[in-house]
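One structure is given below, encoded as structure tokens.
There are 2 protein chains.
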Amino acid sequence: MVTTTSLAGNPYQQDCPTRRILDRIGDKWTVLIVGALGDEAVRFSELRRRVEGISQKMLTQTLRSLEDDGLVSRTVTAQVPVKVEYALTDVGQSLRAPLKALEDWSIEHLGQVLDARTAQQAA
Amino acid sequence: MVTTTSLAGNPYQQDCPTRRILDRIGDKWTVLIVGALGDEAVRFSELRRRVEGISQKMLTQTLRSLEDDGLVSRTVTAQVPVKVEYALTDVGQSLRAPLKALEDWSIEHLGQVLDARTAQQAA
DNA sequence: CAGAATCCTTCTCGATACTG
DNA sequence: CAGTATCGAGAAGGATTCTG
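Here the protein sequences come in this chain order: A and B.
Heads up, the first sequence is in UniProt numbering, so the first residue is 1 and it goes up one at a time.
Heads up, the second sequence is in UniProt numbering, so the first residue is 1 and it goes up one at a time.
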């Protein structure tokens, strides 16, 4: 029987683990929020200051998604005015390593990518 | 002068290297195509078979973007019918490592994320 | 302070039909 | 075989307004 030997099971599907995670972290704000949280708990307003250019809507929305996926915890302190702090969970923390790998690659190769891009536009 | 010490330069910007790369690889098909290419040259039609569910339009479009960014090379062999092969460039190859890191994390933690997600929907 | 709700624009992507 | 061109639906995200 002839099979594409190196492709047993055909791993290049839309619902493979990598793509499903990229669906979550590939949006406009997620990685920035994860970076802004780091290893400390941060208040909503402080988070909004740290993540440059984010709207209140998108900050809320992205934090909700991260919370739903168990990557971020939300702690409400009943005082006046109310205090809400967000922090990475253990799982959320563990995501920082692969993101760091991607960041390192980006820093090292973004220049080449941009050069290739502008060179292409010339043609 | 007062500065947010741990945030010198405010790294959490939309145009930071990581986000710019995620703008490229965070789309629906890029990582699947990179995976399907691996370390060999692959023809257009074969690529289309490997990447499950991709339309001809999106395959072409994503390959063009990857080519413009210098991550993929395109080789045309003039024969009848014409043969076009795509392969990862050196830069494209170097991207596989950080993507692998993300894949490993996804395989290890996707279950937890999905569990958290369904648990959240119950509430 | 930390949000919810609404409107509106832009971008992504899929489907379809045609070509050298 | 390997594309190009066009259309339209839906999602993502920004601006604005209002609230416990």
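Every residue, glycine too, gets a C-beta built ideally from N, C-alpha and C.
Residues that DSSP places opposite residue i in a beta bridge
| i | result |
| --- | --- |
| B/S73 | B/A87 |
| B/R43 | B/E85 |
Spatial distance of residue i from residue j (CA atoms)
| i | j | result |
| --- | --- | --- |
| B/P98 | B/L22 | 12 Å |
| A/G92 | B/M58 | 32 Å |
| A/W29 | B/W105 | 20 Å |
| B/Q61 | B/R24 | 12 Å |
| A/Q14 | A/A123 | 33 Å |
| B/Q121 | B/E85 | 45 Å |
| residue 199 of chain B | B/L32 | Residue 199 of chain B lies beyond the range of chain B shown here (1 to 123); nothing can be said about it. |
| A/V51 | B/Y12 | 5 Å |
| A/L110 | A/E40 | 29 Å |
| A/T18 | B/V80 | 38 Å |
Exposure label - residue i; buried when at least 16 CB within 10 Å
| i | result |
| --- | --- |
| B/V76 | exposed |
| B/D55 | Looking at the sequence itself, residue 55 of chain B is Ser, so the reference to Asp does not match. Its Cβ having fewer than 16 others within 10 Å, B/S55 is exposed. |
| A/I107 | exposed |
| B/L95 | buried |
| B/T118 | exposed |
| A/V113 | buried |
| B/T82 | The question names Thr, but residue 82 of chain B in the sequence shown is Val. With fewer than 16 Cβ atoms within 10 Å of its Cβ, B/V82 is classed as exposed. |
| A/G26 | buried |
| A/V72 | buried |
Inset, instruction - Tell me, please, whether the segment 44-53 of chain A touches the segment 31-41 of chain B by the rule of three or more beta-carbon pairs shorter than 8 Å. - result: no
Inset, instruction - Inspect the CB distances between the segment 65-83 of chain A and the segment 64-74 of chain B and report whether three or more fall short of 8 Å. - result: These segments do not touch.
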